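Protein chains in written order, with full-length UniProt numbering: chain A, 1 to 197; chain B, 1 to 197.
Report on one structure; see the data block that follows.
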């Protein structure tokens, strides 16, 4: 009898644990909300750091025999303008989906359909943010190292603070891209978990 | 009585249609396979077009007072090397997942878990391909238009065929990125459809 009692006892403990544990959906949702707040913060940081990347230096003018103050700013490069646009959209998307996720945590009806829509939108945003990060990174790398094959000189030996801002902004945008990958994966996994095994 | 009969009749027609119609899972899988074949083809095309982008032109050397033949090729730019690497990985991924999808069409056991893994991997590949397309696009745009603010001259007025290859390759890579977005969305939607309503 003792041998048959033990499994029963274990099962009762397990079922008690299952009753005592909070439902897993709420955990997933809180991780969702936290990641979306991080996405918003990262996007806004990237935009602010890029917009404030202004530096004026006295540089020799190529044709005339004198030097003049020249300002470096993000709007000098179309890639950086695209970067600002994409990350601004990502920031707006981050705050809107944070609010939407909080409303779903409070009222969990239609949560699965909501997760589907979020996953589809996250994929789109990932494509936009990743391409913007790539474009800004490609142009920033030329600014840092130059390209001797086509005679593009490096810029960062003169505009050092400007390049620090651009580099930091791109790093934060890369973090935002990773967050979007994680968010999409989390949404997909949350949908998958709702399938009865 | 007539009013109660009609719904029954409609329901019986619906159930007959449901029995007669083929299961939708196979349709989704065939679309999956077709999109993955397209992804493979697009990635290989982008890589081949970029690798064959070589052009030699006689260009004036800046320091010495004579002209010399100079070759433009993809390996001159780190962004293009990253582009080639990322699209090669995407091509390999395309052919491997095509074969895996075909095997799942033939033996549909574990199809849902397989869809989950594909969706997670698709998201990663999308991030890589989109950033590579962005980086190559950013550098290609400087080659096309130049940047007067930092004195980077345009290249495409001399190396016209090289730029045509690069532009075509980036356009095909953009198509591959869109395919990856569609594939991820399709996987997510296929998983969502398996949840009982």
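Where is the CB? At the ideal position from N, CA and C, for every residue including glycine.
Here the structure is a predicted model, which means the values were calculated and not measured.
Asked: Other residues of its chain near residue 51 of chain B: CB distance less than 7 Å, five sequence neighbours each side excluded; Found: 74 and 84
Asked: Chain-order list of residues whose beta-carbon lies under 6 Å from that of residue 123 of chain B (same chain, five-residue window excluded); Found: 184
Asked: Sequence-distant residues of the same chain with beta carbon closer than 7 Å to residue 179 of chain A, five excluded per side; Found: 35, 38, 39 and 42
Asked: Helix, strand or coil at residue 205 of chain A [DSSP, three-state]; Found: Outside the displayed range of chain A (1 to 197) lies residue 205 of chain A, so it cannot be described from this structure.
Asked: Opposing strand residues paired with residue 69 of chain A [DSSP bridges]; Found: A:58
Asked: Cα-Cα separation between residue 23 of chain A and residue 181 of chain A, rounded to whole angstroms; Found: Residue placement at residue 23 of chain A cannot be trusted, given a pLDDT of 47 that sits under 50; the coordinates are not used to answer.
Asked: Buried or exposed by the 16-neighbour rule on C-beta atoms within 10 Å, applied to residue 142 of chain B; Found: buried
Asked: Local Cβ density within 10 Å of residue 104 of chain A, reported as buried at 16 or more and exposed below that; Found: buried
Asked: Residue 22 of chain B, DSSP secondary structure in three states; Found: The predicted model places residue 22 of chain B with a pLDDT of 46, which falls under 50 and marks its position as unreliable; any figure quoted below should be read in that light. Three-state DSSP puts residue 22 of chain B in coil, outside helix and strand.
Asked: Straight-line Cα distance separating residue 116 of chain A from residue 198 of chain B; Found: Since the first residue shown for chain B is 1 and the last is 197, residue 198 of chain B is missing from the structure and cannot be characterised.
Asked: Beta-ladder partner(s) of residue 147 of chain B, from DSSP; Found: B:152
Asked: Cβ-based neighbour list, residue 92 of chain B, same chain, cut-off 6 Å, excluding 5 preceding and 5 following; Found: none
Asked: Residue 48 of chain B beta carbon less than 8 Å from that of residue 86 of chain B; Found: no
Asked: Alpha helix (DSSP H) segments (min. 4 residues) lying fully within the segment 75 to 100 of chain A; Found: none
Asked: Cut-off 8 Å between Cβ atoms - residues of its own chain near residue 119 of chain A, not counting five sequence neighbours on either side; Found: 184, 187, 188 and 191
Asked: Contacting positions in the segment 67 to 80 of chain B - beta carbon closer than 7 Å to chain A; Found: 76, 77, 78 and 79
Asked: Any C-beta of chain A under 8 Å from that of residue 192 of chain B; Found: yes
Asked: Anticipated Cβ contact below 8 Å, residue 45 of chain A with residue 134 of chain B, distance rounded; Found: Wrong, their Cβ atoms sit about 20 Å apart, outside the cutoff.
Asked: Of the listed residues B:195, B:194, B:137 and B:151, nearest to residue 168 of chain B (C-alpha basis); Found: B:137
Asked: Pair within 8 Å by beta-carbon distance, residue 150 of chain A and residue 155 of chain B; Found: yes
Asked: CB contact check: residue 52 of chain A to chain B, cutoff 8 Å; Found: no
Asked: Buried or exposed (CB count within 10 angstroms, at least 16 for buried), residue 58 of chain B; Found: exposed
Asked: Whole-angstrom distance between residue 66 of chain A and residue 153 of chain B, CA atom to CA atom; Found: 22 Å
Asked: CB contact flag (residue 194 of chain B, residue 195 of chain A, <8 Å); Found: yes
Asked: Exposed unless 16 or more other CB atoms sit within 10 angstroms - verdict on residue 197 of chain B; Found: exposed
Asked: Where residue 161 of chain B sits in the DSSP three-state scheme; Found: helix
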